[in-house]
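Residue numbers (full-length UniProt numbering): 1 to 123.
All C-beta atoms in this analysis are idealised placements derived from N, C-alpha and C, irrespective of residue type, glycine included.
Computed from a predicted structure; not experimentally measured.
Structure record follows, encoded as structure tokens.
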């Protein structure tokens with residue numbers, strides 16, 4: 001599995017797209033950011049529906065969704081089916097909220113870097 005893009009990768013990209021920035025800030029894979037973007041366009045999707053949209057295996061989409069849930073970039077709701085049983089439906093965290101989360105993550109990262117810089121030579 002390829003490593004998630006990092007801040008250095010982001011800084012070396014002349015014109016990064018939103019998915020690339022999302023992957024760098026949250027330390028997720030590009031296929032996970034693509035899953036987030038697909039969820040924005042297809043709220044309430046099931047794993048099977050997303051797998052079709054993304055042209056990926058359901059097990060891979062399920063792993064991507066688990067990561068997005070862990071990062072707070074998606075939510076899952078259970079819907080009961082008429083013949084019995086249930087299915088999970090996924091919705092992306094709204095874009096304005098995701099942007100806020102990205103800003104907060106970057107601010108936290110910058111504060112940490114500033115603290116490390118300030119700590120140099122203080123031993």
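Indicate the three-state DSSP secondary structure (helix, strand or coil) for residue i in the structure shown.
i, result
"residue 75", "strand"
"residue 80", "strand"
"residue 35", "helix"
"residue 1", "Caution is warranted here: a pLDDT of 46 is assigned to residue 1, below 50, making its placement in the model unreliable, and the coordinate value is therefore given only provisionally. Residue 1 falls in the coil class under three-state DSSP."
"residue 26", "helix"
Based on the DSSP secondary-structure assignment, which residues constitute the bridge partners of residue i?
i, result
"residue 64", "Answer by DSSP bridge pairing: none, since residue 64 is not bridged."
"residue 87", "79"
"residue 92", "74"
"residue 45", "90"
List the whole-angstrom C-beta distance separating residue i from residue j, where the pair is believed to meet the contact cut-off of C-beta under 8 Å.
i, j, result
"residue 26", "residue 71", "5 Å"
"residue 78", "residue 86", "5 Å"
"residue 74", "residue 54", "Contact flag wrong, Cβ pair sits at about 14 Å."
Segment contact, 8 Å Cβ cut-off, at least three pairs: the segment 29–39 with the segment 56–71: yes
Cβ contact check for the segment 40–57 and the segment 83–94: 3 or more pairs under 8 Å: yes
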